[in-house]
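Residue numbers (full-length UniProt numbering): 1 to 635.
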Ligand code: 6R9
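What follows is the structure, given as structure tokens:
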């Protein structure tokens with residue numbers, strides 16, 4: 001079949017036009033030819049963005065693990081499905097074949113069943129990047145349990161909030177994790193979290209660092225003995241296409257994280273189809289995405305997309321700087337990686353280290369380079385292109401979101417001519433629109449506005465867990481009949497898109513989305529703080545760093561400001577995790593507020609960026625003088 005793999009620009013335009021003119025026919029063809037359905041759909045698509053309600057392949061039945069594992073057994077049984085590269089280069093890599101993955105997922109699924117987990121139950125997975133992470137995700141999918149993976153860098157408070165929001169019954173974790181030269185006691189973080197999680201009946205613990213940990217009788221159990229005993233046959237649960245597959249939390253403009261719900265059929269079709277085309281994946285490739293499975297990039301492009309294509313997907317436990325900044329290149333050489341997908345923040349950190357560590361390695365296996373998570377700046381793009389790709393491997397700058405499930409705007413390598421800092425063209429089936437402030441769509445090229453999507457695509461999130469109103473408010477109420485992304489973008493003279501960044505209260509730090517509200521909530525927990533406001537400012541490596549303006553309570557006591565700064569960051573680490581720590585903390589007597597009490601973050605942002613030449617209209621402020629005070633004391 002032709003349109004599964006797009007080979008030249010003309011074909012892209014042809015297929016794109018078809019996907020827009022006849023979306024149902026288009027996606028039906030893709031779904032029919034490349035996947036294993038227990039029963040075909042009655043309706044390809046029904047939708048209404050005003051509710052919003054979107055259903056793809058309604059009436060169809062399937063199990064995604066049969067598509068990701070079972071159907072490859074006859075043709076690719078001994079092929080490596082997951083290639084696990086441990087934190088330490090001295091520990092051998094583990095090649096898990098499709099057959100072995102089948103056995104391990106089935107055993108794990110039987111352990112879940114024996115523990116009383118049933119279709120529709122929520123299971124929280126809080127694991128480092130070890131094979132059990134991918135296997136437990138697939139084991140949940142095997143029996144129809146809804147996985148909720150929480151990135152293992154989140155704090156106990158953040159973990160507890162997520163467990164309780166989706167009423168998880170079980171947590172899967174490990175004794176600890178390796179992170180470069182450090183070890184982290186994951187199990188004790190889980191123990192702390194579970195003090196506040198009455199719904200958790202059981203905790204399964206994988207052994208990784210072999211540390212002494214507390215095991216609570218009647219609740220906690222070591223995973224391995226259970227797996228050893230379990231049968232390796234587990235019938236896949238038959239799921240409806242619109243049954244939830246997983247929940248994944250993302251930050252928003254209130255303190256409460258949003259549990260984005262993804263369903264089964266459309267998510268599978270879209271992640272598999274994008275994977276194949278965006279990475280021009282071929283049978284013997286070794287594909288490596290450096291993300292953590294705790295983020296959407298790992299869900300869609302380490303686990304589901306690659307495995308649905310029968311690919312070999314590298315899973316790396318460690319960090320780019322351990323034992324030195326050459327680790328990525330050592331791994332590329334060792335496993336002859338063909339596609340390498342990483343984040344701009346990693347590229348910038350590696351670029352700072354110079355090219356010696358790259359030149360030591362043979363990177364000639366590379367064919368395609370990818371970037372995701374935040375806009376890639378021109379300098380980083382060129383460094384990546386020149387030194388890693390040797391000007392031979394196209395860079396796919398892929399724009400998408402937790403909410404979109406799969407890649408939305410991206411070049412197709414060897415098909416779309418790339419342009420630094422541009423995510424270029426909409427992927428097949430994707431209909432972007434740029435909107436002006438008045439809510440009108442900007443037609444034609446050379447325009448800049450807010451990025452929306454006009455038509456449903458198969459892998460879009462269907463709702464926010466138990467909060468459909470919030471889903472509607474956040475994404476479908478800014479512009480009528482359109483999904484609003486929260487990003488700004490421009491369209492150049494040939495129709496290429498460039499993402500200019502968030503237009504809401506989300507700040508992307510090292511590729512991680514952080515809402516200002518939860519960080520401010522954490523700061524305000526400090527007994528000496530009366531109010532705070534957090535904004536982003538440009539940072540060489542992290543892309544953005546966080547700048548906090550903090551008003552202290554007047555208690556009459558004198559305080560060591562540096563101690564308070566440390567304590568504030570400690571509060572943030574406890575409530576969210578170290579990724580949300582502030583780089584700069586300025587104490588102030590007031591904040592610029594409108595008469596209605598809204599903080600004018602625009603002004604705070606400019607001051608944090610040291611750009612105070614044009615602060616715009618400050619006349620609507622309650623107390624315009626506070627602005628000068630803040631400027632005078634800026635850090
Ligand atoms: C996949 C992922 C989503 C937000 C998104 C945007 C930013 C992601 C980008 C990019 C510019 C790219 N973003 N990819 N900005 N160019 N190629 O990262 O999902 O963690 O939900 O973040 O990340 O601002 O709205 P998620």
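Cβ coordinates follow ideal geometry from the N, Cα and C atoms, glycine included.
Taking all protein chains in view, the Cβ of residue 446 is surrounded by fewer than 16 other Cβ atoms within 10 Å, so the residue is classified as exposed. Using a cutoff of 6 Å, the CB of residue 491 does not count as near the ligand 6R9, since none of the ligand's heavy atoms is closer than that. Closest option to residue 281, judged by alpha-carbon separation, among 343, 413, 153: 413. Residue range 9–21 is occupied by the alpha helix (DSSP H) that includes residue 14. Here residue 8 is exposed: its Cβ has fewer than 16 other Cβ atoms, across all protein chains shown, within 10 Å.
Residue 106 is positioned such that its CB atom lies no closer than 7 Å to that of residue 211. By the neighbour-count criterion, in which 16 or more other beta carbons inside 10 Å mark a residue as buried, residue 17 falls on the exposed side. Relative to the non-hydrogen atoms of the ligand 6R9, the Cβ of residue 250 comes within a distance shorter than 6 Å of at least one. Contact check for residue 506 against residue 495 fails: the beta carbons are separated by 7 Å or more.
When the Cα atoms are used, residue 273 and residue 31 turn out to be separated by approximately 9 Å.
Under the DSSP assignment, residue 471 falls outside any beta strand (DSSP E), being part of the alpha helix (DSSP H) whose first and last residues are 468–476. Between the beta-carbon of residue 400 and that of residue 259 there is about 18 Å, and that puts the pair past the 8 Å contact cut. Residue 433 sits in a strand when the DSSP states are folded into three classes. By the CB criterion at 7 Å, residue 498 and residue 490 fall inside the cutoff. For the alpha helix (DSSP H) assignment, the uninterrupted runs of no fewer than 4 residues enclosed by the region 263–351 are, from N- to C-terminal side, 265–278, 305–308, 327–335, 344–351. In chain order, 380, 383 place their CB closer than 7 Å to the CB of residue 351, counting only its own chain and leaving out the 5 sequence neighbours on each side. For secondary structure counted as the alpha helix (DSSP H) over 4 or more consecutive residues, the UniProt domain "AMP-binding enzyme C-terminal" (519–598) holds these complete runs in sequence order: 561–575.
Relative to the ligand 6R9, even the nearest heavy atom lies 6 Å or more away from the CB of residue 209. Residue pairing from DSSP places residue 47 in a beta bridge opposite 54. Taking 8 Å as the upper bound for CB-CB distance, residue 522 and residue 571 are in contact here, some 5 Å apart.
For residue 147, the uninterrupted beta strand (DSSP E) segment begins and ends at 146–149. Shown here, residue 414 sits in coil according to DSSP, grouped into three states, outside any helix or strand. Listed in chain order, the non-local C-beta contacts of residue 355 below 7 Å within the same chain comprise 387, local neighbours out to five positions each way being set aside. Under the three-state reduction of DSSP, residue 438 is assigned to coil, being neither helix nor strand. Listed in chain order, the non-local C-beta contacts of residue 38 below 7 Å within the same chain comprise 61, 62, 238, local neighbours out to five positions each way being set aside. Contact annotation, residue 80 with residue 69: C-beta distance approximately 13 Å; criterion of less than 8 Å not satisfied. Residue 623 has its alpha-carbon roughly 12 Å from the corresponding atom of residue 630. For the 7 Å CB-CB criterion, residue 310 and residue 275 do not form a contact. The Cβ neighbour count for residue 561, taken over all protein chains shown within 10 Å, is under 16; the residue is labelled exposed.
By the 16-neighbour rule on beta-carbons within 10 angstroms, residue 339 is buried. At a cut-off of 6 Å, the beta-carbon of residue 374 counts as near the ligand 6R9: some heavy atom of the ligand is closer than that.
Taking the Cβ of residue 400 as the reference point, at least one heavy atom of the ligand 6R9 falls within a distance shorter than 6 Å. Within the DSSP secondary-structure output, residue 197 pairs in no beta bridge. Taking 6 Å as the cut-off, the C-beta of residue 397 counts as close to a heavy atom of the ligand 6R9. Annotation: residue 482 to residue 50 spans about 9 Å, alpha carbon to alpha carbon.
Short of 7 Å from the beta carbon of residue 612, and not among the five residues preceding or following it, lie these beta carbons of its own chain, in chain order: 606, 631.
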